[in-house]
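Residue numbers (this note's numbering): 40 to 122.
For reference, the structure discussed in these notes is given below.
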Amino acid sequence: MANHKSALKRIRSNEKRRVLNKYQHKTTRNAIKKLREITDAKEAQTMLPSVISMIDKLAKKNVIHSNKAGNLKSQLTKHVATI
């Protein structure tokens, strides 16, 4: 266990951050799955920008790698274009 006050605070803040990152990552994954299941082109077109925004936010905070974010956005855009 940490002895310094700052180390104890760091442990608390890291745990808060971890839980929030986990929640946002899972929410984004569910949104991606939902987007892939959509068969209506108009609905997919309206949902795509919000999913891309979620992916960008995860990449900005280093929850996912920026290359993975780019690959996901590319795949989803191609998927929506083929519907």
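For every residue, glycine included, the Cβ atom is placed at its ideal position computed from N, Cα and C.
Quick caveat, the model's predicted, so the values are computed rather than measured.
By the 10 Å Cβ neighbour count, where 16 or more other Cβ atoms means buried, how is residue i classified, buried or exposed?
i           : result
residue 83  : buried
residue 115 : buried
residue 122 : exposed
residue 46  : exposed
Going by alpha carbons, who is nearest to residue i out of the options?
i           : options         : result
residue 67  : 118, 112, 78    : 112
residue 70  : 94, 105, 120    : 94
residue 120 : 85, 48, 105     : 85
residue 56  : 97, 90, 109     : 97
residue 73  : 90, 106, 64, 52 : 90
residue 102 : 63, 48, 51, 44  : 63
Just how far apart, CA to CA, sit residue i and residue j?
i          : j           : result
residue 60 : residue 42  : 26 Å
residue 76 : residue 117 : 14 Å
residue 80 : residue 109 : 22 Å
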